[in-house]
Amino acid sequence: VAVFDAPLFHAILTDDLVWHVDRGELHLTMTKAERSKLWEQFVVVPELRRDDHGQVYPESVPEPLSAKDRMDRFREMVDGDDGHRAQYDQLDPSSKQLVEALRRFEHARA
1119 VAVFDAPLFH
1129 AILTDDLVWH
1139 VDRGELHLTM
1149 TKAERSKLWE
1159 QFVVVPELRR
1169 DDHGQVYPES
1179 VPEPLSAKDR
1189 MDRFREMVDG
1199 DDGHRAQYDQ
1209 LDPSSKQLVE
1219 ALRRFEHARA
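Each residue of the sequence shown is one higher than the one before, starting from 1119 at the first, in the numbering used here.
This is the structure:
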């Protein structure tokens, strides 16, 4: 029985996959192959479906991340929810830009 059949958004470390069942619910823990890469979503989003007139079927449009969810996911990536804290020098240029934006945002809120 397949319980998950979709391509992931980015690569994971397949040797670092942990699963367990808790009260009848399956839990998977996967490690990203590239720690500093921010995932916009978990799986690849299929193309939008359109009717004969070119109109998009609303149910085929993925839900966008809210600004808060995007910031929370980015903080999680930077802070490291797996005991590993990302080092600024190890981030790619776009991730460094996001860190700087997060720092400016936090400073403005203070």
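C-beta atoms are modelled at their ideal positions from N, C-alpha and C, and glycine is treated no differently.
DSSP beta-bridge partners of residue i
i, result
"ARG1221", "Per DSSP, none; premise fails for ARG1221."
"THR1132", "Beta-bridge pairing links THR1132 to no other residue."
"LEU1144", "VAL1139"
"ARG1168", "VAL1174"
C-beta contact flag for residue i and residue j at 8 Å
i, j, result
"LEU1156", "ARG1191", "yes"
"GLN1159", "PRO1180", "yes"
Pairwise C-alpha distance: residue j and residue i
i, j, result
"LEU1216", "ARG1153", "14 Å"
"ALA1120", "VAL1162", "18 Å"
"VAL1174", "LEU1166", "7 Å"
"TRP1137", "LEU1144", "7 Å"
"HIS1225", "GLN1208", "23 Å"
"ASP1123", "ARG1188", "25 Å"
Buried versus exposed, by CB contacts within 10 Å (16 or more), residue i
i, result
"SER1213", "buried"
Measuring CB atoms only, is the stretch 1128-1136 touching the stretch 1144-1151, in the sense that at least three cross pairs come out at less than 8 Å? yes
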